[in-house]
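A short worksheet on the structure shown next.
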Amino acid sequence: MKNLITILFILISYNLSSQKWIKDTNCDEQSYEVLNEALEHFFNLEHLMAVGMAKAAYMIDSGCECSKLILAAAASPNPNWGTRKAKLDDINLQLLTSEEKTWYNMLVATLTSDGETYRSSINAGLEANPNSPLVNWFSTGGDLKKHQEFAEKFPDVASGAYNFLAYGYARGDVDGEVDFEEAYKAADMAQSLHTGPNSLDSKAEIAVIKGDYEVALSNQLKAYDYATFASPYEPKLVTYYRNTVKDEISKNLKDAQRAVQKAILDRNYEEFEKYISEDMQLISGDSNLQDFYEFNKESFSRGANVNWESFNLKDIEVSFSPDMSMAILTFYAEGSYSSGDSEDMIDYSTRASSVWIATDNGWKTVHTNWAPYGGGSGIPKI
Numbered sequence: 116m117k118n119l120i121t122i123l124f125i126l127i128s129y130n131l132s133s134q135k136w137i138k139d140t141n142c143d144e145q146s147y148e149v150l151n152e153a154l155e156h157f158f159n160l161e162h163l164m165a166v167g168m169a170k171a172a173y174m175i176d177s178g179c180e181c182s183k184l185i186l187a188a189a190a191s192p193n194p195n196w197g198t199r200k201a202k203l204d205d206i207n208l209q210l211l212t213s214e215e216k217t218w219y220n221m222l223v224a225t226l227t228s229d230g231e232t233y234r235s236s237i238n239a240g241l242e243a244n245p246n247s248p249l250v251n252w253f254s255t256g257g258d259l260k261k262h263q264e265f266a267e268k269f270p271d272v273a274s275g276a277y278n279f280l281a282y283g284y285a286r287g288d289v290d291g292e293v294d295f296e297e298a299y300k301a302a303d304m305a306q307s308l309h310t311g312p313n314s315l316d317s318k319a320e321i322a323v324i325k326g327d328y329e330v331a332l333s334n335q336l337k338a339y340d341y342a343t344f345a346s347p348y349e350p351k352l353v354t355y356y357r358n359t360v361k362d363e364i365s366k367n368l369k370d371a372q373r374a375v376q377k378a379i380l381d382r383n384y385e386e387f388e389k390y391i392s393e394d395m396q397l398i399s400g401d402s403n404l405q406d407f408y409e410f411n412k413e414s415f416s417r418g419a420n421v422n423w424e425s426f427n428l429k430d431i432e433v434s435f436s437p438d439m440s441m442a443i444l445t446f447y448a449e450g451s452y453s454s455g456d457s458e459d460m461i462d463y464s465t466r467a468s469s470v471w472i473a474t475d476n477g478w479k480t481v482h483t484n485w486a487p488y489g490g491g492s493g494i495p496k497i
């Protein structure tokens, strides 16, 4: 199976028969070309582009009912707020071919989660249209072997199949071992058959599996470049970028944590305000183990009876959420203080944690928690 992609790449180089997703349709010649491009985008999980091209196909030919199937398939089947049913009801069944009716029956079955009807529709469609790429695609499911068979039988429209195989190689689901070389090769094959952002997004995700965030970022940037406004590829682009500069972010967060604590000790609210969000209040739990509270400007009067001789944060460790949108800092603090008018010094020792979130205005702290540690004391109770 490892040689499959190389062999098929050579075959496709000489095979210019230009298979289409649907061979028999009521669409005119021009709308038929646009329709198949829409199907290419749809089956490569580029639904927004598919919707736009399906609408274009219908504008060219109002009898191109298959374009409405794409619009229905891209919509939600949720009976409470979805629009798939309304779009299916708007289709003229008399204008659907046998292949198209198979898809229609499958979509109707999704409205009630009728798995049996869904599967029987595919089987009936295969019996009536054994050489239809559209119907055969629906029969592949999540089966790697079936995707391989689809690529062999319908090489010109096999971009989605190669995309699926790429993940199989990267996850070790093909021949029982991880093979990133074959995974990248499959993703490249997908891209060569269909110029679209999804295969680039897939190549980026494969790079993440490998742990190579530089390659991931490079490919995700190319996917994002297809259409940047409200792009579905932007969130992972940000994640990949932050992974490439993780050490720098960690250093900055450590510095920020120290700056926050210094601002609190100095009663410098203007400096402290730089590190909190307007949208989410900082929730704090002090080392006196009293109730959690919102730490705001009024909180700067708390602990006014504590006179610090020394205070130091040490051993700060930073851990990130998988999407790099949140960081948890764990650290220790030590020092000494006197309370009120007393000159007696108290050894201060705590372990602490804080939560930081990434915002449009930088990283902000939203939670902190302190507790006595190693036989030392926290701050006095209020």
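Read the sequence shown against the numbering used here and you will find it ends at 497, with the numbers running on by one and no gaps.
Beta carbons are placed, not taken as given, at the ideal position from N, Cα and C, and that holds for glycine.
Note that the coordinates shown come from a computational prediction; the quantities given were computed from them, not determined experimentally.
*In chain order, what residues of the same chain have a beta carbon less than 8 Å from the beta carbon of I122, not counting five sequence neighbours either side?*
What you label residue 122 is simply residue 7 of the sequence shown in a count that begins at 1. The pLDDT assigned to I122 is 43, lower than 50, so where the model puts this residue is not dependable, and the model offers no usable value.
*In the structure shown, what three-state DSSP assignment does R466 receive?*
Counting from 1 along the sequence shown, the entry for residue 466 is found at position 351. Residue state, collapsed to three classes: strand.
*Express the C-alpha separation of F253 and K260 in angstroms, rounding to a whole number.*
Taking the first residue of the sequence shown as 1, we reach residue 260 at position 145. Taking the first residue of the sequence shown as 1, we reach residue 253 at position 138. So the alpha carbons of these two residues sit roughly 14 Å apart.
*Per DSSP, L56 is paired with what?*
Shown here, the chain extends from 116 to 497; a query on residue 56 therefore has no answer.
*asked:* For I379, report the span of its alpha helix (DSSP H) as first-last.
replied: Here residue 379 corresponds to residue number 264 of the sequence shown, with the count starting at 1. Here the alpha helix (DSSP H) through I379 covers 361-380.
*Once you ignore the five residues that flank W218 on each side, which residues in its own chain have a CB closer than 6 Å to its CB?*
Reading the sequence shown from its first residue, position 103 is the one you call residue 218. Around W218: L184.
*Could you tell me which residues DSSP pairs with Y408 in its beta bridges?*
As a working note, residue 408 is residue 293 in the sequence shown. As a beta-bridge residue in DSSP terms, Y408 pairs with S399.
*For M168, count neighbouring Cβ atoms within 10 angstroms of its own Cβ and tell me buried if that reaches 16, exposed if not.*
Taking the sequence shown and counting its residues from 1, one reaches residue 168 at position 53. By the neighbour-count rule (16 or more Cβ atoms within 10 Å), M168 is buried.
*DSSP beta-bridge partners of I494*: Counted from its first residue, the sequence shown places residue 494 at position 379. According to DSSP, which records beta bridges pairwise, I494 is partnered with nothing at all.
*asked:* Would L222 and A187 be called neighbours here (beta carbons separated by less than 8 Å)?
replied: As a working note, residue 222 is residue 107 in the sequence shown. As a working note, residue 187 is residue 72 in the sequence shown. Yes, the pair counts as a contact, with Cβ atoms nearer than the cut-off.
*Okay, do the segment 374-392 and the segment 470-480 touch, 3+ Cβ pairs below 8 Å being the bar?*
yes
*6 Å Cβ shell around E386 - same chain, five flanking residues per side excluded*: Mapped onto the sequence shown, residue 386 falls at position 271. Result list for E386: A378, in chain order.
*Selected residue, minimal CA-CA separation from D176, among N193, V149, F344*: Counting from one through the sequence shown, the residue named residue 176 turns up at place 61. The option with the nearest alpha carbon to D176 is V149.
*Quick one: what's got a C-beta closer than 7 Å to V375's C-beta in the same chain, skipping five residues either side?*
The residue labelled residue 375 in the question sits at position 260 within the sequence shown. Taken in chain order, the residues that qualify are F387, Y390, T480.
*Reducing DSSP to helix, strand and coil, say where T121 ends up.*
Position 6 of the sequence shown holds residue 121. Its pLDDT being 48, under 50, T121 is placed unreliably by the model, and the measurement read from it follows with that caveat. In this structure, T121 counts as helix in the three-state DSSP scheme.
_Please list the terminal residues of the continuous beta strand (DSSP E) segment that includes H482._
For the purposes of this step, residue 482 is taken as the residue at position 367 of the sequence shown. Start and end: 477-487.
*Name the two residues that bound the continuous alpha helix (DSSP H) containing V330.*
Residue mapping note: residue 330 aligns to position 215 of the sequence shown, counting from 1. 328-339 is the span of the alpha helix (DSSP H), which, as asked, contains V330.
*Cα-Cα separation between Y129 and E432, rounded to whole angstroms*: On the sequence shown, position 14 is the one that residue 129 refers to. On the sequence shown, position 317 is the one that residue 432 refers to. With a pLDDT of 38 at Y129, under the threshold of 50, the predicted position of this residue should be treated as unreliable, though the coordinate-derived value follows. Taking the straight line from one Cα to the other gives about 57 Å.
*Neighbourhood of C288 by C-beta distance below 7 Å, restricted to the same chain and skipping five residues each side*: On the sequence shown, position 173 is the one that residue 288 refers to. The identity of residue 288 in the sequence shown is Asp, whereas the question assumes Cys. Here the set comprises L259.
*Looking at the structure shown, is Y129 part of a helix, part of a strand, or coil, going by DSSP?*
The sequence position of residue 129 within the sequence shown is 14, counting from 1. Note that Y129 scores a pLDDT of 38, beneath 50, so its modelled location is shaky; the value from the coordinates is reported in the next line. In this structure, Y129 counts as helix in the three-state DSSP scheme.
_Am I right that Y355 and Y348 are in contact with their C-beta atoms under 8 Å? What's the rounded C-beta distance?_
Locating residue 355 in the sequence shown gives position 240, where the first residue counts as 1. Locating residue 348 in the sequence shown gives position 233, where the first residue counts as 1. About 10 Å separates the two Cβ atoms, so there is no contact after all.
*Other residues of its chain near A165: CB distance less than 7 Å, five sequence neighbours each side excluded*: Residue 165 sits at position 50 when you count from the first residue of the sequence shown. Closer than 7 Å at Cβ, skipping near neighbours: A153, H156, F157, I185, A189.
*Once you ignore the five residues that flank H309 on each side, which residues in its own chain have a CB closer than 6 Å to its CB?*
The residue given as residue 309 occupies position 194 in the sequence shown. Within its own chain, the residues whose Cβ lies closer than 6 Å to the Cβ of H309, once the five positions on either side in sequence are excluded, are E155, N159, S274, listed in chain order.
*Distance, Cα to Cα, A345 vs D316?*
In the sequence shown, the residue the question calls residue 345 occupies position 230. In the sequence shown, the residue the question calls residue 316 occupies position 201. If you take the alpha carbons of A345 and D316, they lie about 16 Å apart.
*Is G197 helix, strand or coil when you go by DSSP?*
What you label residue 197 is simply residue 82 of the sequence shown in a count that begins at 1. Residue state, collapsed to three classes: coil.
*Please name the residue in A319, I364, N251, C181 whose C-alpha comes closest to that of V272.*
Taking the first residue of the sequence shown as position 1, residue 272 is located at position 157. It is N251.
*So, is W136 buried or exposed, given that buried needs 16 or more other C-beta atoms within 10 angstroms?*
Sequence index remark: in the sequence shown, residue 136 carries index 21 (1-based). Classification for W136: buried.
*Is the beta carbon of G178 less than 8 Å from the beta carbon of L203?*
Working through the sequence shown from its first residue, we reach residue 178 at position 63. Working through the sequence shown from its first residue, we reach residue 203 at position 88. Going by C-beta atoms, G178 is not nearer than 8 Å to L203.
*Given that a residue counts as buried once 16 or more other Cβ atoms are within 10 Å of its Cβ, and exposed if not, what is P245?*
For this step, residue 245 is matched to residue 130 along the sequence shown. It counts as exposed.
*Considering V149, what are the terminal residues of the alpha helix (DSSP H) in which it resides?*
Counted from its first residue, the sequence shown places residue 149 at position 34. Per DSSP, V149 is one residue of the alpha helix (DSSP H) stretching across 144-158.
*Would you tell me roughly how many angstroms separate the C-alpha atoms of I125 and G311, rounded to the nearest one?*
The count along the sequence shown starts at 1 and reaches residue 125 at position 10. The count along the sequence shown starts at 1 and reaches residue 311 at position 196. For I125, the predicted model reports a pLDDT of 42, less than 50, meaning its position is unreliable and no value from the coordinates is stated.
*Can you pull the DSSP bridge partners for E449?*
Here residue 449 refers to the residue found at position 334 when the sequence shown is read from its first residue. N427, S464, per the DSSP bridge assignment.
*What do you reckon, are the CB atoms on F295 and K325 nearer than 8 Å?*
As a first step, residue 295 is located in the sequence shown; it is residue number 180 there, counting from the start. As a first step, residue 325 is located in the sequence shown; it is residue number 210 there, counting from the start. Yes; because the gap between Cβ atoms is below 8 Å, this pair is in contact.
*Have a look at S235, L226, F269 and flag the residue whose alpha-carbon is nearest the alpha-carbon of K138.*
Residue mapping note: residue 138 aligns to position 23 of the sequence shown, counting from 1. Taking only the C-alpha atoms, the option nearest K138 is F269.
_So, with DSSP's three-state summary, where would you put T217?_
Numbered from its first residue, the sequence shown carries residue 217 at position 102. The answer is helix: DSSP assigns T217 an H, G or I state.
_Given this structure, state the Cα-to-Cα distance separating E413 from A473, to the nearest angstrom._
Stepping through the sequence shown from its first residue, residue 413 is reached at position 298. Stepping through the sequence shown from its first residue, residue 473 is reached at position 358. Computed Cα separation, rounded: 25 Å.
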